[in-house]
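Student: Chains as they are written, first to last, in my numbering: chain B, 59 to 386; chain F, 10 to 176. Heads up, the beta-carbon is just placed ideally off N, CA and C, and yes, glycines get one too. All values reported here derive from a predicted model rather than from experimental measurement. Sharing a structure below in structure tokens format, with a few things to ask.
What follows is the structure, encoded as structure tokens:
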């Protein structure tokens, strides 16, 4: 081993340390988010939520995780063995990569890329592949229907999402998340989300749809498809899908915070704190929305994307280009 | 649909989204209604519908107000109630032991036995509603358990006597 590899400047060392931190971050946040989700759900419905395990039920997600790990991994008869087990891994692995270019802090960069945004979009696009494999490999009609829905939804919502992101990238003139964040200021009127609220709105709606969260949780609609693509998964197979969903939520919230809310910038607090505050504000909004809105019908879902969000995103992009062209 | 109508619809839809968030947001801040049972208990047990019980007379709480008319037995859709009264003796059989028969019986204004089979009861309350002298009401013990279904055949006269003694 060359001594170079041990120094923190070596890209491989940085990558490994960064990945380890990301795993820890994802695991911890998964636990916290499950607790927050259940507490919010409870309070919205005038219930207390988890209460008995630990103070305020704080240890409930840990107990649930232990239960999940301890469960038997079952596979239905006639399922495709390789696809079936590859799917949960494939759901979780790309998400962790998405954390690497996230701008937590100007000094905290696991992997600083000048095309960080493209990396995140590319790898989050991989997520839908795991849903297809899970649905196809399970040999289950609900799974297959869920997978088919996931594809249609993903195709429909990636278009306006990319257009919204593009309008910000054009405004900032960069695909580097650090640079885009750096071009905004610490105060709300300096944020792209306030200067370009339409793109922010489109991004938020698409982010909810891309992460398969209610009201757009059609691939796993409980009341229609049992659990959609992860109907047949037990134990940690399901656990990985679950963790991937929450990790995905954190990624899109992180991207939204960096693109639209000025990322780490803000008065008084330190950089990473501001970033986490903004990420959690968006996460709370997503959780709040989940317990407010009923699930949309599938044609409504596609109508919203193709007839509203995509044209609006194109108009927004055109306006941004014109303004940028006039302003130089 | 014209374009303006389309946008109008979208606007109302958007507005309703915020209204919805407001409603759940308000609910989030409201106090919870859940009663965490072993630690807390509800305070309106008087509204609880347990099995029916007899109501005693005001001057003598151990004697039911019941006049043994049998209206409750007729009203019960599940045949839970049994009211027994002494059958009037026939001519020439005055010395024979008194037989008990279903109410109403001629000359009998008080029940000999009132039995409810709670395992059949659907708590509809028709018996209490029909009673002309308001002699039936719901009991309020939510903690009733039994290991044997026979224990759900409850002798209401004995129960009333016990309650009167306890008071």
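#1: Would you list, in chain order, the members of the segment 348 to 369 of chain B that have their beta-carbon closer than 8 Å to a beta-carbon of chain F?
#2: Taking contact to mean at least 3 C-beta pairs separated by less than 8 Å, is the segment 140 to 149 of chain B in contact with the segment 195 to 205 of chain B?
#3: For residue 37/F, would you say it is in contact with chain C, using Cβ-to-Cβ distances shorter than 8 Å as the test?
#4: Are the beta-carbon atoms of residue 112/F and residue 77/F separated by less than 8 Å?
#5: Helix, strand or coil for residue 326/B per DSSP?
#6: What is the DSSP secondary structure of residue 126/F, counted as helix, strand or coil?
#7: Inspect the CB distances between the segment 14 to 33 of chain F and the segment 272 to 289 of chain B and report whether three or more fall short of 8 Å.
#8: Tell me whether residue 374/B is buried or exposed, calling it buried when 16 or more other Cβ atoms sit within 10 Å of its Cβ.
#9: Cα separation between residue 104/F and residue 95/F?
#10: List the whole-angstrom C-beta distance separating residue 128/F from residue 161/F, where the pair is believed to meet the contact cut-off of C-beta under 8 Å.
#11: Using a Cβ cut-off of 8 Å, which residues of the segment 102 to 115 of chain B contact any Cβ in chain F, in chain order?
#12: Between the alpha carbons of residue 281/B and residue 200/B, how many angstroms are there, rounded?
#13: Would you report the Cα separation of residue 377/B and residue 314/B, rounded to the nearest angstrom?
#14: Residue 262/B and residue 150/B look like a contact to me (Cβ under 8 Å); what is the Cβ gap, rounded to whole Å?
#15: At the 8 Å Cβ level, is residue 266/B part of the contact set with chain F, yes or no?
#16: Output the distance between the C-alpha atoms of residue 152/B and residue 267/B, rounded to the nearest integer angstrom.
#17: Find out if the Cβ-Cβ distance for the pair residue 317/B, residue 215/B is shorter than 8 Å.
#18: In the DSSP assignment, find the alpha helix (DSSP H) that holds residue 218/B and state where it starts and stops.
#19: Using a Cβ-Cβ distance under 8 Å, would residue 346/B count as near chain F?
#20: Let me check understanding here. Comparing Cα to Cα, which of 235/B, 164/B, 221/B, 308/B lies closest to residue 367/B?
#21: Quick one: list the residues of chain F neighbouring residue 98/B, beta-carbon separation under 8 Å, in chain order.
#22: For residue 19/F, go through chain B and note every residue whose CB falls closer than 9 Å to its CB, in chain order.
#23: By Cβ distance below 7 Å, which residues in the same chain neighbour residue 241/B in space, the five residues on each side in sequence not counted?
#24: For the structure I just gave you, are there three or more beta carbon pairs, one from the segment 285 to 302 of chain B and one from the segment 203 to 211 of chain B, closer than 8 Å?
#25: Looking at chain B, is there any beta carbon in it that lies within less than 8 Å of the beta carbon of residue 3/F?
#26: Assuming residue 312/B contacts residue 160/B under a Cβ cut-off of 8 Å, what Cβ separation, rounded to an integer in Å, is found between them?
#27: Return yes when the Cβ of residue 82/F is within less than 8 Å of the Cβ of residue 145/F, no when it is not.
#28: Please state the DSSP three-state secondary structure of residue 102/B.
#29: Can you tell which of 104/B, 164/B, 210/B, 136/B has the C-alpha that lies nearest to the C-alpha of residue 357/B?
#30: Which chain B residues sit within Cβ distance under 8 Å of residue 45/F?
#31: With three or more beta-carbon pairs closer than 8 Å as the criterion, would you say the segment 86 to 93 of chain F touches the segment 37 to 50 of chain F?
#32: For residue 278/B, which three-state DSSP category applies?
#33: Could you give the distance in angstroms between the alpha-carbon of residue 97/B and the alpha-carbon of residue 81/B?
#34: Less than 8 Å between CB atoms is the rule here; does residue 145/F satisfy it with respect to chain B?
#35: Work out the CA separation of residue 174/B and residue 384/B for me, nearest whole Å.
Tutor: Reading from the atomic positions:
#1: 349, 350, 351, 366
#2: Short answer: they touch.
#3: No chain C is part of this structure, whose protein chains are labelled B and F.
#4: As a position in the second chain, residue 112/F is number 103, starting the count at 1. As a position in the second chain, residue 77/F is number 68, starting the count at 1. In this structure, residue 77/F lies closer than 8 Å to residue 112/F by Cβ.
#5: For the purposes of this step, residue 326/B is taken as the residue at position 268 of the first chain. Coil at residue 326/B, not helix or strand.
#6: As a first step, residue 126/F is located in the second chain; it is residue number 117 there, counting from the start. Residue 126/F: strand per DSSP, three-state reduction.
#7: no
#8: If you number the first chain from 1, residue 374/B lands on position 316. Buried: at least 16 other Cβ atoms inside 10 Å.
#9: On the second chain, position 95 is the one that residue 104/F refers to. On the second chain, position 86 is the one that residue 95/F refers to. So the two alpha carbons sit approximately 14 Å from each other.
#10: Translated into positions along the second chain, residue 128/F becomes position 119. Translated into positions along the second chain, residue 161/F becomes position 152. That belief holds up - the Cβ atoms of residue 128/F and residue 161/F are roughly 4 Å apart, short of 8 Å.
#11: Those would be 102, 103, 104, 105, 106, 109, in chain order.
#12: For the purposes of this step, residue 281/B is taken as residue 223 along the first chain, with counting starting at 1. For the purposes of this step, residue 200/B is taken as residue 142 along the first chain, with counting starting at 1. In a straight line, the C-alpha of residue 281/B is about 11 Å away from that of residue 200/B.
#13: By one-based count along the first chain, residue 377/B stands at place 319. By one-based count along the first chain, residue 314/B stands at place 256. Between residue 377/B and residue 314/B, the C-alpha separation is close to 20 Å.
#14: As a first step, residue 262/B must be located in the first chain, where it is residue number 204. As a first step, residue 150/B must be located in the first chain, where it is residue number 92. With 8 Å as the limit, residue 262/B and residue 150/B do not qualify as a contact, their Cβ atoms being about 24 Å apart.
#15: Residue 266/B sits at position 208 when you count from the first residue of the first chain. It does not: the Cβ of residue 266/B has no partner Cβ on chain F nearer than 8 Å.
#16: For the purposes of this step, residue 152/B is taken as the residue at position 94 of the first chain. For the purposes of this step, residue 267/B is taken as the residue at position 209 of the first chain. Cα-Cα distance, rounded: 18 Å.
#17: Sequence index remark: in the first chain, residue 317/B carries index 259 (1-based). Sequence index remark: in the first chain, residue 215/B carries index 157 (1-based). Cβ distance not < 8 Å, so residue 317/B and residue 215/B don't count as in contact.
#18: Within the first chain, the letter at position 160 stands for residue 218/B. Residue 218/B -> alpha helix (DSSP H) spans 199 to 230.
#19: By one-based count along the first chain, residue 346/B stands at place 288. So, interface residue.
#20: In the first chain, counting from the first residue as 1, residue 367/B sits at position 309. Per the Cα distances, 221/B.
#21: Taking the first residue of the first chain as 1, we reach residue 98/B at position 40. Simply 37.
#22: Indexing the second chain from 1 puts residue 19/F at position 10. Chain order gives the chain B residues near residue 19/F as 366, where near means a beta carbon separation below 9 Å.
#23: As a first step, residue 241/B must be located in the first chain, where it is residue number 183. Excluding residues up to 5 positions away in sequence, 230 lie with their Cβ nearer than 7 Å to the Cβ of residue 241/B in the same chain.
#24: yes
#25: The structure shown does not extend to residue 3/F, since chain F is modelled only from 10 to 176, so the question has no answer here.
#26: Indexing the first chain from 1 puts residue 312/B at position 254. Indexing the first chain from 1 puts residue 160/B at position 102. Going by Cβ atoms, the distance from residue 312/B to residue 160/B rounds to 5 Å, so yes, they are a contact pair.
#27: Position 136 of the second chain, counted from the start, is the residue given in the question as residue 145/F. Position 73 of the second chain, counted from the start, is the residue given in the question as residue 82/F. Against a cut-off of 8 Å, the Cβ pair of residue 82/F and residue 145/F comes out as no contact.
#28: Taking the first chain and counting its residues from 1, the one referred to as residue 102/B is at position 44. Residue state, collapsed to three classes: helix.
#29: In the first chain, the residue the question calls residue 357/B occupies position 299. Among 104/B, 164/B, 210/B, 136/B, the Cα nearest to that of residue 357/B is on 210/B.
#30: As a working mapping, residue 45/F is identified with position 36 in the second chain. Residues of chain B passing the Cβ test: 106, 109.
#31: no
#32: Translated into positions along the first chain, residue 278/B becomes position 220. Three-state result, residue 278/B: helix.
#33: Residue 97/B sits at position 39 when you count from the first residue of the first chain. Residue 81/B sits at position 23 when you count from the first residue of the first chain. Rounded to whole angstroms, residue 97/B to residue 81/B spans 24 Å at the Cα level.
#34: The sequence position of residue 145/F within the second chain is 136, counting from 1. Not an interface residue.
#35: Along the first chain, read from residue 1 onward, the residue named residue 384/B stands at position 326. Along the first chain, read from residue 1 onward, the residue named residue 174/B stands at position 116. One C-alpha to the other measures close to 28 Å.
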